[in-house]
Every structure is written in structure tokens, then in C-alpha cells.
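Peer 1: Numbering (the numbering used here), first residue to last: 6 to 173. Beta carbons: idealized from backbone N, C-alpha and C, even for Gly.
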């Protein structure tokens, strides 16, 4: 099981197995996609077509790759054609992204406008060097008084706020 692709070109494969969000895809011998490459296929359910994006997680040998689906796999069948995009999943960056909410594959969720022609970065990037991180501490005000008082957040970091059913 290697973790490198044999070539950096796009290729077409076929679905060999679907187990929940885990999809095994068979590619031609000389064109296995690299680990973290995005794969795309089209699913049609009740006349509605949608694009399913998968991310290569493992090379299984025998020209098979194991990929993780980033949306439900309902309607995905064995033998279905899958295309290697030739690169990893990317998301838009820059001033144009301000005020927008994105999913993991970079699609805008809070607007009908999809960003075109915007710089995109891979979701698998090296973190910035420690000496380039900003050292000043500034609080992020959520506007929810209880949260700002009991669990203040630092501006610029990664924040996850989760609540179960019935917590208010």
C-alpha cells in the first residue's frame, strides 16, 4: 500500500464497492490518484443530478483506492464512473470570502452566488511557522452575553461551539 500516485494526471475509474461513506474505486494501473486527491462523480436520484465529491484516503493495491464520500452516497452504484480531479480539495480564500459560509468542498452555503475566479487553497496545507503567528490576544465577541462571559473565545483561532437538543 503506497501513499503516492503513479502519475499526476486526471483519470477515470469505476466504483468497485460502496459501504456507507467509504467507496472503493478501481483505476487503470498507470493512473492511480494520489492520497488526498478529490474524485468526482454524478449521482441522479428521481431525475435530480448532483455531484458527489470523494477524497482518496488509502491505496489498497490491485489498482484500488479507498475514498471517503463528503455527501451521502445514496444512488451510487458499482461500476459507476468516477473522475480524478488531479489535485486535492480546495476552498476559496481572500476578501471575496468575507461574510460567506462554506462547506468542506468550498461551496457557498449562505448565498446562491458561487465564487468564480477566486484564489483557492488546498484544505491540506502546512500550518504557518510559529514565529509568524500573531501573538496579541483579542476576544471574539459573539453577541451572546452568557457565552462571552462564561466561555470567551480568542479571535483568530479555531472555534467549535456545540450544543445538544434541549440546551437552549
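#1: Would the stretch 96-103 count as touching the stretch 75-84 if we require 3 or more Cβ pairs under 8 Å?
#2: Can you tell me whether residue 124 is buried or exposed, with buried defined as 16 or more other CB within 10 angstroms of its CB?
#3: Go ahead and label residue 170 buried or exposed: buried means 16 or more other beta carbons lie within 10 angstroms of its beta carbon, across all protein chains shown.
#4: Per DSSP, what kind of secondary structure is residue 151 in: helix, strand or coil?
#5: Quick one: what's got a C-beta closer than 6 Å to residue 15's C-beta in the same chain, skipping five residues either side?
#6: Which of helix, strand or coil does DSSP assign to residue 86?
#7: Where residue 33 and residue 68 are concerned, what is the direct C-alpha to C-alpha distance, given to the nearest angstrom?
#8: I'd like to confirm the pairing. Which residues does DSSP put opposite residue 116 in its beta bridges?
Peer 2: In terms of the structure at hand:
#1: Touching, no, given that fewer than three Cβ pairs across the two stretches are closer than 8 Å.
#2: Under this definition residue 124 is an exposed residue.
#3: So residue 170 counts as exposed.
#4: Three-state result, residue 151: helix.
#5: Setting aside the 5 residues that flank it on each side, residue 15 is surrounded in the same chain by 89 and 91, each with a C-beta closer than 6 Å to its C-beta; the list follows chain order.
#6: Under the three-state reduction of DSSP, residue 86 is assigned to strand.
#7: Looking at the two C-alpha atoms, the distance is approximately 7 Å.
#8: In DSSP, residue 116 forms no bridge with anything.
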